[in-house]
Amino acid sequence: MSRPALLGVRHHGPGSARAVVSALGQCAPSAVLIEGPPEADAIVHLAADEGMRPPVALLAHAADDPGRAAFWPLAAFSPEWAAIRWALAHDVPVRFIDLPAAHSLAAAGGPGAETDAPGGGASHPAPRLDPLAALAAAAGYDDPERWWEDAVEHRRGGPADGDALAPFAAVADAMGELRTGFAEVGTDGPLADRDGIREAYMRLKLREAQKEFGDAVAVVCGAWHVPALAAKRTVAADRQVLKGLPKVKAEISWVPWTHRRLSRHSGYGAGITSPGWYGHLFHAPDRPVERWLTDVARLLREEDFPVSSAHVIEAVRLAETLAAMRGRPLAGLAETVDAVRAVMCDGSDVPLALVRDRLVVGDVLGEVPASAPATPLQRDLARLQRTLRLKPEAAFRDCEFDLRKDTDAARSRLLHRLRLLGVDWGEPMRSRGGLGTFRESWRLCWEPELAVRIAEAGAWGTTVEGAATARAEALAREADALADITALAERCLLAGLDGALPAVMRALADRAALDTDVGHLARALPALVRSVRYGDVRRTGTTALAEVAAGIAERIFVGLPAACAGLDTDAAAEMRGHTDAVHQAVSLLAETETGDRAGDEAEANTTPGIRQRWSAVLRILAGRDGLPGGIRGRAARLLLDDGRLTDDRAARLMGLALSAGTAPADAAAWIEGFVGSGGSGGMLLVHDERLLTLVDTWLTGVPPDAFTDVLPLLRRTFSAFEPGVRRTLGELVRRGGASATGAAAPGEAPLDEERAAAVLPTMRLLLGMAETAETHGHAQGAA
Amino acid sequence: MTVPGISADALRPHAEDAFADELKALAAADDRPRPERWRLSPWAVATYLLGGTLPDGTVITPKYVGPRRVVEVAVTTLATDRALLLLGVPGTAKTWVSEHLAAAVSGDSTLLVQGTAGTAEEAIRYGWDYARLLAHGPSREALVPSPVMRAMAQGMTARVEELTRIPADVQDTLITVLSEKTLPIPELGEEVQAVRGFNLIATANDRDRGVNELSSALRRRFNTVVLPLPATPEDEVDIVARRVDQLGRSLDLPGVPDGTDEIRRVVTVFRELRDGVTADGRTKLKSPSGTLSTAEAISVVTGGLALAAHFGDGVLRAGDVAAGILGAVVRDPVADRLVWQEYLETVVRERDGWKDFYRACREVSV
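As you go down the protein sequences, you meet chains A and B in turn.
According to my numbering, the first sequence is numbered sequentially starting from 105.
According to my numbering, the second sequence is numbered sequentially starting from 2.
Encoded structure:
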């Protein structure tokens with residue numbers, strides 16, 4: 105063995121991992137070189153540690169900016185991991201030969217770097233043009249992953265006496281052909297730029313290693329790079345390529361990883377959709393399909409689906425026949441999934457989703473020994489603690505933050521974010537200075553186990569902000585109750601996590617759409633609208649929030665009248681409370697909305713503003729027979745207060761509600777709804793004597809035996825009035841009541857313009873100048 | 002096309018007659034191994050259903066527009082001698098697929114048992130010619146075999162339509178047939194054993210599963226394939242437009258100028274409510290209790306066309322389909338009406354260019 109063995113692999117391919125192990129065993133190299141950041145040379149020995157369990161990832165980040173990070177995830181079935189473990193077990197030195205993270209982090213720059221592991225971790229060496237796709241298309245496959253599986257991964261082991269290096273030679277040839285093809289297309293292909301630089305660096309490192317360990321080294325790298333490493337280039341030419349690369353100080357560490365993150369669906373994806381399946385292929389000693397389907401059956405049985413061994417037998421038969429019909433050498437994931445669906449799941453995708461989630465992707469969580477270097481999240485926290493002068497102390501300490509000051513606001517945000525991550529360093533206290541929006545009180549206490557929590561939270565991200573955002577998004581996805589999500593939205597606003605808001609809003613909108621209980625929606629709306637207002641105060645973007653709030657309001661409008669029907673007394677009282685809360689929320693919401701609605705006046709006929717629509721709902725509530733009296737009365741009152749109901753109409757509604765045909769108890773409830781639960785109810789009766797007359801007439805007309813029934817309700821209603829109001833009412837009634845003074849009812853007295861005008865300047869002062877015009881408008885509209 | 006022995010007047014010829022040419026061309030081109038008594042190899046059966054072009058240039062028209070996977074699993078199931086159960090909401094071409102599968106595999110799609118609430122055991126096992134039975138006593142001659150029995154004896158494909166409508170005790174007659182592959186005739190002390198090539202395709206509507214749910218013993222004998230609703234709006238608009246056109250012609254409706262926009266709208270409304278999410282995937286919706294299948298969309302549009310042609314200005318407008326949509330969506334007068342109003346107010350009202358539709362729906366909803 106004189107030349108270096110170049111083992112081209114597909115990252116995270118279990119077949120490649122098997123092949124690499126047997127190839128290494130055959131050629132017994134003096135050193136193993138792996139495509140990965142050389143900074144990791146110092147910590148690679150940890151891979152053999154007892155406490156190290158894949159999937160794990162090498163995490164490199166810029167020392168001064170933990171947000172700029174790159175990951176190289178490694179699963180048990182990754183060829184790189186297999187090679188590392190083989191080398192450590194055989195006392196063979198391991199070197200990483202890819203471009204140092206110091207360079208790649210500097211080049212990647214920007215915030216986008218986080219999501220794109222530079223080359224080393226990505227399974228597609230060339231994101232713009234997929235070389236595997238070209239090979240697969242040549243072989244008549246529409247899916248490159250499947251082609252690779254058929255051609256390489258599913259070729260199990262090969263005969264024991266065969267040449268373990270043969271498949272690698274074949275792959276290298278194929279890649280060589282492909283690269284020539286791409287080179288002809290133009291230099292703008294995948295050969296350009298970053299790959300060129302990386303390959304130059306790898307060649308240099310390879311030469312270095314050959315000097316140090318002799319020629320018999322083995323290189324494990326992406327298949328795409330093999331021809332480049334075999335190519336003859338002068339050292340000088342390679343040095344030239346690498347000249348003047350930007351550089352940052354980089355730190356590297358091992359972090360635990362999960363199968364879910366290896367899968368393509370989530371960020372930092374390594375580009376494989378089925379890590380669980382790959383893991384199974386790698387670990388199963390034989391009969392992969394039979395073992396897999398048995399595992400599926402066990403899972404389904406645990407979840408109470410009736411699945412017997414007969415099902416497994418039939419599923420295996422179906423999968424194998426399908427593979428034969430599709431011309432594949434061995435049943436793959438697609439065939440087994442089809443078979444499971446048809447045989448075990450009665451054609452339904454619901455249990456299948458479970459199989460996908462638990463087995464195809466899998467819940468495997470990696471572990472990293474305690475001796476691994478500190479995670480970037482810990483460093484980011486330390487940095488923040490320094491800049492914000494907020495020292496971790498074991499003793500209790502109470503703090504008061506003035507949110508108008510930048511430092512205090514940042515401190516508050518940090519504590520809120522940490523709370524989202526489950527690191528309860530600070531506990532919010534009720535502010536001593538009352539309910540001011542700009543004050544916040546905290547009790548701080550740093551306990552040792554919080555360090556452990558921080559380490560755990562490291563899986564969520566590299567900075568406190570990023571991790572908290574990721575966690576909030578995950579919480580939003582998991583939350584069941586609508587109220588939980590509104591609370592989460594409030595926490596996100598407090599923590600200043602604008603990045604998480606879209607996900608939270610989405611979850612909120614989804615949950616609201618499916619919630620059929622108007623009560624839930626009504627409970628959620630006020631908090632949400634508060635958040636909108638609060639966000640305005642803090643100048644955070646809350647457009648999305650306002651939209652969701654408007655959507656929920658809309659659903660309440662549609663559902664409320666129906667939800668009010670057929671309620672008992674308690675439920676009616678609760679619903680009346682909801683109506684009040686929604687009313688307030690709608691007013692607030694309408695204020696924030698006026699800005700964009702003003703321009704739409706022309707369309708006002710077809711798409712009335714939210715306030716008009718709410719009034720329409722209230723009108724229905726007030727006018728529909730059969731709804732509880734309290735709710736009808738309340739709706740009439742809210743309309744009257746808003747000036748959307750003329751005094752005449754109000755009197756008529758009251759007259760209807762209090763007429764002889766109505767059950768006294770219902771009428772009393774109406775009165776409670778109309779004048780109750782608000783200080784000004786009594787004043788209304790004092791000043792509009794027509795209403796008082798109606799109440800008076802009704803009350804005197806209540807039959808004696810019914811009177812004892814309505815008395816408690818009436819007493820409760822009227823006792824809530826101010827003593828002065830009660831006295832005035834009493835006097836009015838004693839004076840012969842409303843009927844005598846009825847002629848002098850307010851509406852009918854001629855208005856003395858001059859005297860009325862004298863009040864206006866004071867009114868202006870009270871209301872603020874700008875609002876005068878609007879008040880006029882309302883008054884006219886109402887009249 | 003004229004086929005000897007087939008009346009040219011048949012309102013609807015059998016699949017094996019209507020597509021005899023394609024089947025013949027496929028059989029000629031097919032060099033892959035065939036299971037015993039199969040007319041074609043599994044691969045050729047799949048091609049027959051999905052369409053394609055043969056090496057000799059014969060074009061095979063697609064019989065089923067949908068995922069390839071569905072057809073592959075169905076054909077493979079028949080090849081593994083497991084019975085096949087096609088599930089789906091009404092209007093997803095279950096019967097159509099089962100007929101063509103039987104025609105391609107056995108060359109005969111007529112061995113059919115139509116399941117109804119009144120289907121008796123005789124329809125699945127065998128009956129008697131009572132005149133002969135009384136005159137000569139029980140004998141093979143007096144026995145009237147069911148389509149299933151004939152399929153077993155000849156190694157053909159039998160079909161059972163609407164399996165879940167058959168009373169549960171009658172359904173279970175199939176268990177022996179499917180597991181033992183034999184049908185005992187205790188009256189004669191004989192049995193009919195299925196020969197190789199026999200298989201059974203059943204269809205069932207999964208929306209009214211509750212009618213006569215299959216026993217788990219029977220269910221276990223079937224591989225289940227669910228025929229999905231059209232995957233993309235384009236597919237569905239296409240299917241609706243084509244079918245509406247055919248129906249309109251056969252019902253002699255006066256021609257109406259292009260109504261594709263309105264069809265697209267009907268399909269959008271149906272899809273959104275059915276999937277419980279808006280077309281842009283950003284808002285979730287409640288789903289009504291009806292199935293809202295493609296077949297219903299077709300009838301809504303056909304009804305709208307009739308309105309437009311006879312009472313309107315000849316152009317299919319929002320007002321013509323609004324009432325039909327309301328009827329299809331609101332099956333349960335309370336719950337569905339809420340769903341529909343919520344949809345109108347939260348989705349339709351805000352959507353650009355849908356003002357006319359919103360107004361039309363408001364008019365019929367109130």
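We treat Cβ as the ideally placed atom computed from N, Cα and C, and that holds for glycine.
Would you say ASN383/B reaches chain A, if we count a Cβ-Cβ gap shorter than 7 Å as a contact?
-> Only positions 2 to 367 of chain B appear in this structure, which leaves residue 383/B out of reach.
Is the CB of ALA80/B under 7 Å away from at least one CB in chain A?
-> yes
Excluding the 5 residues preceding and the 5 following PRO118/A in the sequence, name in chain order all residues of the same chain whose CB lies nearer than 8 Å to its CB.
-> PHE181, GLU257, TYR382, GLY383, LEU385 and PHE386
Using a beta-carbon distance below 7 Å, is MET429/A in contact with chain B?
-> yes
Within the segment 230-311 of chain B, note down every full alpha helix (DSSP H) run reaching 4 residues or more, in order along the chain.
-> 234-251, 261-276 and 295-311
Under 8 Å (Cβ pairs) to chain A, residues found in the segment 37-54 of chain B | The residues in question are PRO43, TRP44 and ALA47.
Residue nearest to PHE409/A in terms of C-alpha spacing, selected from MET609/A, GLU154/A, THR804/A and VAL444/A = VAL444/A
Does the segment 598-614 of chain A come close enough to the segment 565-583 of chain A that 3 or more CB-CB pairs lie under 8 Å?
-> By the Cβ rule, the segment 565-583 of chain A counts as touching the segment 598-614 of chain A, because three or more pairs are nearer than 8 Å.
Express the C-alpha separation of SER516/A and GLU531/A in angstroms, rounding to a whole number.
-> 11 Å
Residue span of the beta strand (DSSP E) that contains HIS165/A, given as start and end = 160-166
Beta carbon proximity, LYS285/B to chain A, threshold 7 Å = Yes, LYS285/B lies at the interface with chain A (some Cβ there is under 7 Å from its Cβ).
Just curious, the alpha helix (DSSP H) that GLY89/B is in, first and last residue?
-> First-last for GLY89/B: 84-89, but that is the beta strand (DSSP E), not the alpha helix (DSSP H).
Got a sec, what are the start and stop residues for the alpha helix (DSSP H) ILE656/A sits in?
-> 647-668
For the segment 197-222 of chain B, list the beta strand (DSSP E) runs that are entirely contained and at least 3 residues long, ordered along the chain.
-> 200-206
What distance in whole Å lies between the Cβ atoms of VAL790/A and THR832/A, which are believed to be in contact at a cut-off of 8 Å?
-> In this structure, THR832/A and VAL790/A form a Cβ contact; the two beta carbons are roughly 5 Å apart against a cut-off of 8 Å.
Ignore the nearest five residues each way along the sequence and tell me which others in LYS182/B's own chain have a CB closer than 6 Å to its CB.
-> ALA195
So which residues on chain E does SER217/B lean against when the C-beta distance must stay under 8 Å?
-> This model lacks chain E altogether; the protein chains it does include are A and B.
Since I believe LYS353/A is in contact with ALA206/A (beta carbons under 8 Å), could you give me their beta-carbon distance rounded to a whole number of angstroms?
-> Correct: roughly 7 Å between the Cβ atoms.
Where does THR362/A sit, in a helix, a strand or coil, going by DSSP?
-> strand
Please report the residue range of the beta strand (DSSP E) in which GLY128/B lies.
-> 127-129
Measure from the alpha carbon of ASP770/A to the alpha carbon of each residue in LEU795/A, ASP813/A, LEU110/A and VAL465/A, then state which is nearest.
-> ASP813/A
Starting from the C-beta of ALA373/B, find all residues in its chain whose C-beta is less than 6 Å away, skip the five residues before and the five after it, and write them out in chain order.
-> Because chain B is modelled from 2 through 367, residue 373/B falls outside the range shown and cannot be assessed.
Cβ of ASP450/A within 7 Å of any chain B Cβ | yes
Opposing strand residues paired with ASP614/A [DSSP bridges] = Bridge partners of ASP614/A: none, in fact.
Between the C-alpha atoms of LEU308/A and ARG343/A, what's the straight-line distance to the nearest angstrom?
-> 8 Å
Backbone secondary structure at PRO732/A - three-state DSSP = coil
Could you tell me whether the segment 145-152 of chain B touches the segment 64-74 of chain B, where touching means 3 or more Cβ pairs closer than 8 Å?
-> no
Between the Cα of SER42/B and the Cα atoms of LEU215/B, THR81/B, ALA121/B and LEU308/B, which residue gives the shortest distance?
-> THR81/B
At which residues does the alpha helix (DSSP H) containing LEU871/A begin and terminate?
-> In this chain, the alpha helix (DSSP H) harbouring LEU871/A covers 857-871.
Alpha carbon to alpha carbon, how far is GLN716/A from GLU705/A? Give it in angstroms, no decimals.
-> Any reading at GLU705/A is ruled out, since the residue's pLDDT is 42, under 50, leaving its predicted position unreliable.
Can you list, in chain order, the stretches of the alpha helix (DSSP H) that have 4 or more residues and sit fully within the segment 127-173 of chain B?
-> 131-137, 148-155 and 169-172
DSSP state of VAL335/B, grouped into three classes?
-> coil
Check whether the Cβ of LEU385/A lies closer than 7 Å to any Cβ atom in chain B.
-> For LEU385/A, the answer is no, since every Cβ of chain B falls outside 7 Å of its Cβ.
Might you give, ordered along the chain, the residues of its own chain that have their beta carbon closer than 8 Å to the beta carbon of ASP297/A, omitting 5 neighbours on each side?
-> So no residue of the chain qualifies.
Report all residues from its chain with a CB closer than 8 Å to the CB of ARG222/B; omit the five preceding and five following residues, and keep chain order.
-> ARG83, ALA84, LEU175, ILE176, LEU179 and SER180
Chain A contact residues for LEU88/B, given Cβ-Cβ distances below 9 Å | Result: ASP450, GLY451 and SER452.
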